[in-house]
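Notes to accompany the following structure.
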Amino acid sequence: MSGPVSGRVVADPDRRFYAWVLDRLIALVGYAAAGVAATFTLFRPGHTLLGVLAIVAVALVIWLVGALMTGLAGVTPGKSLCGLKVVRVRTGEPIGLGPALVRQAIVGLGGYPTLGIGDATLAWMATLDGTGLRRAWHDRVVGSVVLDVRPQPAAPAPPEQAPDRVVNLTALRLVPAEASPQAAPSPAPSPAPSARRSPAPAPVPAAQAPAAAAPIPAAPIPAAPASVPVPPVPPTPAPVPARWRVTFDTGQSFVVEGLALVGRSPEPRQGERAAHLVPLQSSDMSLSKTHAQFGVVPDGTLVVMDRGSTNGSVLLRGGVAKPLTARQPATLLPGDRVRFGDREMTVAREA
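Numbering-wise, the working numbering comes out as the position in the sequence shown, counting from 1, plus 61.
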């Protein structure tokens with residue numbers, strides 16, 4: 062595998078046990094085959110030592126092949142079948158032949174010579190690893206970690222939360238509706254006809270013709286009501302950005318208001334401004350002096366970054382531990398936990 066181990070899943074104890082059983086069964090088959098072959102070909106009167114040496118040589122070859130596969134490819138037959146891989150915790154590359162020989166020797170001495178008690182002790186140590194990497198003593202000595210490299214189903218992206226906005230319903234009701242551009246003006250009301258008609262007067266001579274009647278005045282047209290002034294709609298206030306709160310297992314808790322440095326005795330670099338310095342006590346010296354940093358970026362996201370610490374930092378999300386790549390920021394979500402050495406930080410978001 063090329064690239065760092067960030068984003069990979071640490072192997073769970075069950076799959077590591079299955080891989081261990083498969084490797085032991087394959088080795089036992091080889092030992093048994095060597096023993097049977099030596100019994101029929103080498104164990105003769107006066108040549109017992111030669112048969113014993115042949116069986117020991119086969120055992121060493123099997124052990125050496127396992128170390129070669131682990132160091133150069135990161136797998137053994139059992140690990141390959143279970144989808145596991147041994148890599149360097151810092152780089153994600155195979156650990157190499159030298160560290161693989163040391164690792165294989167520790168596992169071998171913990172197996173047959175102790176009747177499996179040593180292997181059980183190593184497995185128990187892996188479950189107690191406070192960093193979340195499940196590394197036992199043989200992993201810590203050579204700086205290795207066992208990863209689950211099976212294809213992982215893609216997690217659905219969380220829905221984006223739009224900021225809450227307040228709508229002034231009263232102001233909306235006061236806004237007048239726009240007049241229709243095709244609406245025709247209403248005609249003026251015509252005067253109502255007279256209810257009774259008087260009989261037409263008898264014709265009179267021209268000399269006696271009455272004066273012309275005065276015209277009937279038209280009824281007045283009612284004036285349109287004056288428009289009610291509309292009060293201006295106040296602008297919608299911008300949503301208040303949420304605050305990020307971090308809580309450590311030591312009891313320290315604060316709202317993140319700038320760059321925060323965490324470690325055994327954190328110090329900012331020259332010209333670097335840190336709003337929070339978080340010194341933490343470590344029982345096993347797994348914390349570096351300035352172990353990691355975290356802070357809020359301009360878009361309101363909380364990010365964390367390991368600053369090249371000796372033992373690294375681990376992000377725990379949904380029960381899955383993911384080592385952080387040194388000097389590469391990682392986004393944090395509410396509910397995430399981050400382990401710095403043997404210390405742990407929990408992330409929460411406040412409205």
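Idealized CB from N, CA, C, for every residue including glycine.
Proximity to residue i [Cα-Cα], best of the options
{"i": "residue 380", "options": "400, 351, 329, 122", "result": "400"}
{"i": "residue 351", "options": "342, 365, 370", "result": "370"}
{"i": "residue 204", "options": "348, 120, 156, 173", "result": "156"}
{"i": "residue 387", "options": "150, 393, 314", "result": "150"}
{"i": "residue 152", "options": "74, 314, 384", "result": "384"}
{"i": "residue 133", "options": "206, 393, 158, 394", "result": "158"}
{"i": "residue 206", "options": "389, 72, 293", "result": "72"}
{"i": "residue 368", "options": "389, 378, 361, 357", "result": "389"}
{"i": "residue 135", "options": "396, 333, 165", "result": "165"}
{"i": "residue 142", "options": "361, 378, 78", "result": "78"}
Same chain only: Cβ atoms within 6 angstroms of residue i, ignoring 5 sequence neighbours per side
{"i": "residue 99", "result": "112, 115, 116"}
{"i": "residue 407", "result": "308, 398"}
{"i": "residue 192", "result": "375, 400"}
{"i": "residue 140", "result": "80"}
{"i": "residue 84", "result": "137, 139"}
{"i": "residue 161", "result": "128, 131, 132"}
{"i": "residue 338", "result": "322, 327"}
{"i": "residue 43", "result": "This structure gives no information on residue 43, because the portion of the chain shown stretches from 62 to 412."}
Pairwise C-alpha distance: residue j and residue i
{"i": "residue 196", "j": "residue 363", "result": "29 angstroms"}
{"i": "residue 376", "j": "residue 128", "result": "30 angstroms"}
{"i": "residue 418", "j": "residue 180", "result": "There is simply no residue 418 to check, as the chain begins at 62 and stops at 412 in what is shown."}
{"i": "residue 329", "j": "residue 335", "result": "6 angstroms"}
{"i": "residue 373", "j": "residue 359", "result": "26 angstroms"}
{"i": "residue 405", "j": "residue 76", "result": "26 angstroms"}
{"i": "residue 89", "j": "residue 118", "result": "14 angstroms"}
{"i": "residue 2", "j": "residue 365", "result": "Residue 2 lies beyond the range of the chain shown here (62 to 412); nothing can be said about it."}
{"i": "residue 70", "j": "residue 409", "result": "23 angstroms"}
{"i": "residue 169", "j": "residue 178", "result": "11 angstroms"}
{"i": "residue 86", "j": "residue 94", "result": "12 angstroms"}
{"i": "residue 340", "j": "residue 172", "result": "41 angstroms"}
{"i": "residue 332", "j": "residue 174", "result": "57 angstroms"}
{"i": "residue 96", "j": "residue 167", "result": "25 angstroms"}
{"i": "residue 394", "j": "residue 208", "result": "23 angstroms"}
{"i": "residue 200", "j": "residue 310", "result": "26 angstroms"}
{"i": "residue 396", "j": "residue 378", "result": "8 angstroms"}
{"i": "residue 182", "j": "residue 109", "result": "36 angstroms"}
{"i": "residue 292", "j": "residue 312", "result": "53 angstroms"}
{"i": "residue 319", "j": "residue 357", "result": "6 angstroms"}
Residues bridged to residue i (per DSSP)
{"i": "residue 352", "result": "Answer is none; residue 352 lacks a bridge partner."}
{"i": "residue 398", "result": "377, 407"}
{"i": "residue 382", "result": "377"}
{"i": "residue 199", "result": "Note: residue 199 sits in no beta bridge, so no partner."}
{"i": "residue 391", "result": "365"}
{"i": "residue 306", "result": "316, 409"}
{"i": "residue 338", "result": "322"}
{"i": "residue 70", "result": "209"}
{"i": "residue 145", "result": "209"}
{"i": "residue 357", "result": "363"}
Supposed close pair residue i, residue j - CB separation, criterion 8 angstroms
{"i": "residue 353", "j": "residue 323", "result": "5 angstroms"}
{"i": "residue 355", "j": "residue 321", "result": "5 angstroms"}
{"i": "residue 154", "j": "residue 147", "result": "With a Cβ gap of about 11 angstroms, residue 154 and residue 147 do not count as contacting."}
{"i": "residue 144", "j": "residue 82", "result": "Contact flag wrong, Cβ pair sits at about 15 angstroms."}
{"i": "residue 163", "j": "residue 202", "result": "6 angstroms"}
Neighbourhood of residue i by C-beta distance below 8 angstroms, restricted to the same chain and skipping five residues each side
{"i": "residue 92", "result": "116, 119, 120, 123"}
{"i": "residue 411", "result": "303, 304, 305, 306, 316"}
{"i": "residue 74", "result": "184, 187, 188, 195"}
{"i": "residue 403", "result": "191, 192, 343, 344, 345, 347, 348"}
{"i": "residue 198", "result": "167, 183, 186"}
{"i": "residue 176", "result": "none"}
Cut-off 7 angstroms between Cβ atoms - residues of its own chain near residue i, not counting five sequence neighbours on either side
{"i": "residue 230", "result": "Because residue 230 sits at a pLDDT of 39, beneath the cut-off of 50, its placement in the model cannot be relied upon, and the following sentence gives the value as read from the coordinates. So the list is empty, once near-sequence residues are dropped."}
{"i": "residue 102", "result": "none"}
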